[in-house]
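Numbering (UniProt numbering), first residue to last: 1 to 104.
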């Protein structure tokens, strides 16, 4: 039990989120790598709203350390701050969805 508590205290973000610019209708992917593997209580947010796995929002985990969020078919109103939280660890980045302006 002591080693488990120690592992949680030693958790750290190896690679944080990076801001992303995409066009309307594209997908935006955010990745956060944690160490050690197996950090619990992981949550993704978009402008303060918790995100959950569904058709538009894909949340995955690889090897217990690489956490990925993919927002599919984004719209202009999806622009905002994406936040990844694992216990007391937090990483944030900006999502900018650009509209496609058609020249007349």
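C-beta atoms are modelled at their ideal positions from N, C-alpha and C, and glycine is treated no differently.
A quick note: this is a predicted structure, and the numbers were derived from the prediction, not measured.
Spatial distance of residue i from residue j (CA atoms)
i, j, result
"residue 60", "residue 53", "9 Å"
"residue 21", "residue 55", "21 Å"
"residue 11", "residue 75", "34 Å"
"residue 94", "residue 35", "23 Å"
"residue 30", "residue 17", "6 Å"
"residue 45", "residue 91", "10 Å"
"residue 42", "residue 26", "25 Å"
"residue 71", "residue 51", "10 Å"
"residue 86", "residue 39", "7 Å"
"residue 2", "residue 80", "Note that residue 2 scores 45 on pLDDT, short of 50, meaning its location in the model is unreliable and no value can be drawn from it."
Buried versus exposed, by CB contacts within 10 Å (16 or more), residue i
i, result
"residue 97", "buried"
"residue 19", "exposed"
"residue 106", "Past the edges of the chain, shown from 1 to 104, lies residue 106, and the structure says nothing about it."
"residue 83", "buried"
"residue 67", "buried"
Residues near residue i in its chain [Cβ-Cβ closer than 7 Å; skip 5 each side]
i, result
"residue 139", "Summary: the structure shown does not reach residue 139, with the chain confined to residues 1 through 104, and so no result is reported for it."
"residue 65", "33, 34, 35, 37"
"residue 63", "37"
Contact test: residue i Cβ vs the ligand FAD heavy atom, cutoff 7 Å
i, result
"residue 72", "As far as ligands go, the structure on display features none, and thus does not contain the ligand FAD."
8 Å CB neighbourhood of residue i in its chain, flanking five on each side removed
i, result
"residue 15", "31, 32, 33"
Beta-carbon proximity list for residue i, same chain, < 6 Å, skipping 5 on both sides
i, result
"residue 88", "none"
Any beta strand (DSSP E) of 3 or more consecutive residues that is wholly inside the stretch 20–75: 20–23, 28–35, 42–46, 57–62, 66–71
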